[in-house]
Each structure stands twice: as structure tokens, then as C-alpha cells.
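Chain order of the listed sequences is A and B.
Just add 11 to the spot in the first sequence (first one is 1) and you have our numbering.
Just add 11 to the spot in the second sequence (first one is 1) and you have our numbering.
Number of protein chains: 2
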Amino acid sequence: MSADFTQIIRSEHLPARIAAQFTQQIQKGVLKPGDKLPTEHTLSKTFGVSRTVIREAIAQLRNEGMIETRQGVGAFVIDRPTRHIRLDDGVQMDKEAFRHLFQLRIPLEIEAAGLAATNHRPAHLQQMDEALVRMTATGDGAGDGIVADLDFHRTIAAATGNDYFVQFLGAISDRIIHTIVASRKRISLHALVAVITQEHTELRDAIAAGDAIRARTAMRHHMEKSAERVALELEFHS
Amino acid sequence: MSADFTQIIRSEHLPARIAAQFTQQIQKGVLKPGDKLPTEHTLSKTFGVSRTVIREAIAQLRNEGMIETRQGVGAFVIDRPTRHIRLDDGVQMDKEAFRHLFQLRIPLEIEAAGLAATNHRPAHLQQMDEALVRMTATGDGAGDGIVADLDFHRTIAAATGNDYFVQFLGAISDRIIHTIVASRKRISLHALVAVITQEHTELRDAIAAGDAIRARTAMRHHMEKSAERVALELEFHS
DNA sequence: GGTTTGCAGGTTGTCCGACAATCATACTAA
DNA sequence: TTAGTATGATTGTCGGACAACCTGCAAACC
Numbered sequence: 012m013s014a015d016f017t018q019i020i021r022s023e024h025l026p027a028r029i030a031a032q033f034t035q036q037i038q039k040g041v042l043k044p045g046d047k048l049p050t051e052h053t054l055s056k057t058f059g060v061s062r063t064v065i066r067e068a069i070a071q072l073r074n075e076g077m078i079e080t081r082q083g084v085g086a087f088v089i090d091r092p093t094r095h096i097r098l099d100d101g102v103q104m105d106k107e108a109f110r111h112l113f114q115l116r117i118p119l120e121i122e123a124a125g126l127a128a129t130n131h132r133p134a135h136l137q138q139m140d141e142a143l144v145r146m147t148a149t150g151d152g153a154g155d156g157i158v159a160d161l162d163f164h165r166t167i168a169a170a171t172g173n174d175y176f177v178q179f180l181g182a183i184s185d186r187i188i189h190t191i192v193a194s195r196k197r198i199s200l201h202a203l204v205a206v207i208t209q210e211h212t213e214l215r216d217a218i219a220a221g222d223a224i225r226a227r228t229a230m231r232h233h234m235e236k237s238a239e240r241v242a243l244e245l246e247f248h249s
Numbered sequence: 012m013s014a015d016f017t018q019i020i021r022s023e024h025l026p027a028r029i030a031a032q033f034t035q036q037i038q039k040g041v042l043k044p045g046d047k048l049p050t051e052h053t054l055s056k057t058f059g060v061s062r063t064v065i066r067e068a069i070a071q072l073r074n075e076g077m078i079e080t081r082q083g084v085g086a087f088v089i090d091r092p093t094r095h096i097r098l099d100d101g102v103q104m105d106k107e108a109f110r111h112l113f114q115l116r117i118p119l120e121i122e123a124a125g126l127a128a129t130n131h132r133p134a135h136l137q138q139m140d141e142a143l144v145r146m147t148a149t150g151d152g153a154g155d156g157i158v159a160d161l162d163f164h165r166t167i168a169a170a171t172g173n174d175y176f177v178q179f180l181g182a183i184s185d186r187i188i189h190t191i192v193a194s195r196k197r198i199s200l201h202a203l204v205a206v207i208t209q210e211h212t213e214l215r216d217a218i219a220a221g222d223a224i225r226a227r228t229a230m231r232h233h234m235e236k237s238a239e240r241v242a243l244e245l246e247f248h249s
């Protein structure tokens, strides 16, 4: 059809690229806590960009809690780096990062299922049912289907009554969704939807019954199968 | 002593204040997802500041994942707010938030213990031993002791070989440490140190033995007891 | 009529130079 | 010695300018 052009790499903005360099330097330990950064003027000459760009880069690092600026003094790497959870949101995720994220997700989903069984409200069951209908209706495991899939899990997180589960699981899901979508395209969709729906239904019923242990078991099973589907070899302990 | 002076209001930087205003507008729903913000030029006149300040404010909002900017088009409130994990780092945590955070921590710690059992390296055991020594040596459960306690758990997280556990558990620990310190002051310290040390030692031995199931059991026990110590009633399922 | 191309206007991104606000330090004077 | 001051350095803010980029419309072409 068309010649195989390579896609133009749309370079990120200057401040973001410079901020990334500093982040690396700090994480590698080249820049240690308490160290003073060169002055903005110096940096602008070092990088060959204007002070405006340097300032935006530093502002970004400050927002992320990595450095601190004091007017008239300078910018310093923060002593105790504020624990900030950073899920690198590059669209590209290597296999290792995905595996690690999934490894983190599993215990949280299981615990959420157990908590949801005891804490859920009728509205949650309704939302879960609706998501299930959407999944089977579309018959499309990769498009709207996966949105419904995520909604299903998000509802479980909400049903825990603990907003942290919603936040954490939501953030993790956002990062692994791309990889899941990609993997599903390689599998027979109709068969897949049936299997997943069955797993979800069991999960829903267990939660509806208020049986925490059964809900946890169902979620554990679902996670194991889900991991298999994306061809992962996870070290996963019951 | 001194007259009741009111504390000097050290006005935050202009960009931060402006960004805060936008955050409010978005959270109150005045600015809805998809809405286009006024142009930087317009905003600079509206707020009476330079475009530089407006740009930094917008950059901050963009870093926080609330808005998105497109060159030549404008700035827009993000459709689906990027899942951003925000652990409000107010020093004050109410009982409910603490309970929820602890609820989130439990499954992660247990999973981490299991993974650490299979993935740990000699250096990790060494660090854990060192932390144990520091805990018993000080005899102070609230001061250096708790630092050693956290180091112990951090080492387990590191031993998983999965950096996400380090990040997530680290962030959670930072938030709950104050409450734990406060609670420990009400308990007999010497007896407490002995008990905690015993639990930690069992944990260490299980990990050293490479026995994932035993490590998970030990951590679960440790978490249960820990929760009891801070007088929580957690809905916690095996 | 439908499609493509070129143009114009608007918006964000980057650059530059300048001044204000603030801080650390060295110096001066009592 | 100590308090106060002067000075230089550095970040914060400002205003203007141009570049890069996007959208929409109009003209040109088939």
C-alpha cells in the first residue's frame, strides 16, 4: 500500500526533557539531597536554552517534590524526598514494568474483593451488573468491552468504601490497560469474552452474597487467569 | 509571654495561588472536563500578572494532570482526570483515613513478604538484621526504634525486586508513621519492643528460609497484632 | 460537486533583557 | 566583640518579541 515510513518522533517539550535529566541525575545519586543546583543563568547556558525553559523545568521538579527553591539563594535537592508515587505514564511500558505493576495489582484486587463483599451497597451491584451487560453486549473484548471491564473493577474498588483502593487500583489500571488491549487482539475474542464474563459473574455473585472468602477466591482465580492470558509468568503465592 | 501576634502570612508564589484558584474552579465544577481555558494573554490581564506567571500556573496544573495544553489551540480541562495518587500529606490524619490507609497497607505488606522470601538477596538479610539490632539496642519504641522499624519494612519491600512495592509502601508508611508514634507512647515500651522484635525476627527467618507461605503468614500475624496495638477494628479477611 | 491546497488568524512555546525581592556574606563602626 | 550596613548573588516577576503549531476558511483544481 504505502511506503513504510517511520512515524515522526514528536519530541517532548524542552522543560520536560530537561526536568527528566535532573530526575535521572537525582535518582542515580549524582545529585544528592542537600546539593545545590547551578544557577538558572548557568543552566540556561549549559543546556543552550533560555532561562524561561530552565525555570519551567525547575518548577516541575519543585511540584514533584524533588527540589526546593529559595529566592536569593538557589535551588536544592530536597533532603527527604517526599514520598511521591510516580507511575511513569509513558505509553511505552516494557515487559518488566508491566509484570511488576501486575504483581502489585493482584493483592490489592483480592483485598478489594473481600472488602467489597462486606461493605458493598445495592447501587454497586447494579453498576456491576450494568458493566457485565455492556461487556457481553458489545462482544468486543478490546474496544468498549475493556472499558466495561475496567468499570467493573472500579466498582468493586468503590464498593470497599475505602477511597484509597479506588485511587490506587485506578492508577494502576490506567497504566496497564494499553498492554492488555494489545494482548487481547491476539486472542479469539468471542471465546475470551465468555470466559471473562463467567469469571466476573462469579465475582459479582460472591460479593452479592456477602461472602468475603469466596469473593477473594474468585478474584484470585480471575487474576491468575488474567495473568495467564497476557502470557505472564508471575511469581504468585496463594 | 508575647503579645498574640498573628503569624505573618507568607503569601505563596503567584503561580501557586493562581493554580489553586483553578483547582477550586475545577473541583467545584465551574470548569468542566473539556472546557477550554481563556488564553494566556487574557488570563494575564484578568489576574493582573505577567504571562510568565500564568504559564507557570498552567504548567503546574498540567503536571498534576488536571489540564492539558495543545500548542496553537489552547488549554483544556482534562476529560478523564488522570489517575493521580494523592495522599494528602497533612500532618493531621483523622481516624478514618488512618484506618483506610492501614487497610490498604496490609495486603501489600503480606504480598511483599511473600515475594521477598523468593527474591531476596544476602544484602537484604543483612540490612534487616541491622535494623533489628537497632530496634532492640535503642529500647526506644517511639524514637529511633520506629525508624529502624520502618527500615525493616522498607528492606522487605526492596527485597521483592519490584520497585513499585518500595514506592507504594514507602508512601503509605510516611503517612501513618505519625499516628503510630503517637499510639506507642501510650504503651509500655520495653514490653512492646520485645514483642515487635519477636514478630520481626520470625518474619526475617521465614524470608531467609525462602519460605513464601510462612513469610506471608508471619506478616499477616504481624499486621494483625500491629492493628490491635493501635486499637483498630479492621475488617480483615485471612 | 468534491477534494486538495494555500492562506490568515489565533494560541502556545521559546527567547531575551530588565528590574524587584530576597538572602548570604563580608565589611564597618561603635 | 557585636550590631548594623553595604554588596553581590540568585530567584521571582515583568513585558515584548518571534517561532511553532493548529484551526478554519477560501481559492484552486479535478
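The C-beta atom is built at its ideal place from N, Cα and C for all residues, glycine as well.
Helix, strand or coil at residue i [DSSP, three-state]
| i | result |
| --- | --- |
| B/V60 | coil |
| B/E51 | helix |
| A/I89 | coil |
| A/R81 | strand |
| B/K43 | coil |
| B/E75 | coil |
| A/D105 | coil |
| A/I187 | helix |
| A/R132 | coil |
| A/D216 | helix |
| B/T34 | helix |
| B/V241 | coil |
| A/T171 | coil |
| A/I96 | coil |
| B/H24 | coil |
| A/D222 | coil |
Sequence-distant residues of its chain with Cβ nearer than 7 Å to residue i (five each side left out)
| i | result |
| --- | --- |
| B/R66 | E51 |
| A/I37 | M77 and V88 |
| A/Q138 | T166 |
| A/M230 | E120, I121, A124 and L214 |
| A/G221 | A128 and T129 |
| A/R227 | I121, A124 and G125 |
Amino acids of chain A, ordered along the chain, whose beta-carbon sits closer than 8 Å to that of residue i
| i | result |
| --- | --- |
| B/E67 | R66, E67 and A70 |
| B/I37 | Residues of chain A passing the Cβ test: none, with the nearest at roughly 17 Å. |
Chain A contact for residue i (CB, 9 Å cutoff)
| i | result |
| --- | --- |
| B/L4 | Absent from the structure is residue 4 of chain B, since the part of chain B shown begins at 12 and ends at 249. |
| B/I121 | yes |
| B/L126 | yes |
| B/D90 | no |
| B/T171 | yes |
Residue-level contact to chain B via CB, residue i, 9 Å cutoff
| i | result |
| --- | --- |
| A/D160 | no |
| A/P133 | no |
| A/F163 | no |
| A/I117 | yes |
| A/R26 | Reading off the sequence, residue 26 of chain A comes out as Pro, not Arg. Yes, A/P26 counts as interfacial toward chain B. |
| A/E75 | yes |
| A/T63 | yes |
CB of residue i within 9 Å of CB of residue j, strictly
| i | j | result |
| --- | --- | --- |
| B/T53 | A/T63 | no |
| A/Q71 | B/N74 | yes |
| A/H131 | A/A68 | no |
| B/M146 | B/I207 | yes |
| B/Y175 | A/L115 | yes |
| B/A223 | B/L126 | yes |
| B/V158 | B/A168 | no |
| B/T171 | B/F109 | no |
| A/F113 | A/A238 | yes |
| A/H211 | A/D160 | yes |
| A/A128 | A/R225 | yes |
| B/K47 | B/G85 | yes |
Contact list for residue i against chain B, beta-carbon separation under 8 Å
| i | result |
| --- | --- |
| A/D174 | H111 |
Proximal residues of chain B, C-beta to C-beta of residue i below 7 Å
| i | result |
| --- | --- |
| A/I187 | Those do not exist, as A/I187 stays about 11 Å from chain B at its closest Cβ, beyond 7 Å. |
Beta-carbon proximity list for residue i, same chain, < 6 Å, skipping 5 on both sides
| i | result |
| --- | --- |
| A/E79 | F87 and I89 |
| B/D162 | A142 |
| B/L136 | A219 |
| A/L25 | V60 and V64 |
beta-carbon residue i near the ligand NAP non-hydrogen atom, thresh 8 Å
| i | result |
| --- | --- |
| A/R110 | The ligand NAP is absent from the structure shown, which contains no ligand whatsoever. |
Sequence-distant residues of its chain with Cβ nearer than 8 Å to residue i (five each side left out)
| i | result |
| --- | --- |
| B/S55 | S61, R62, V64 and I65 |
| B/L119 | F176, F179, L180 and I183 |
| B/P49 | T57 |
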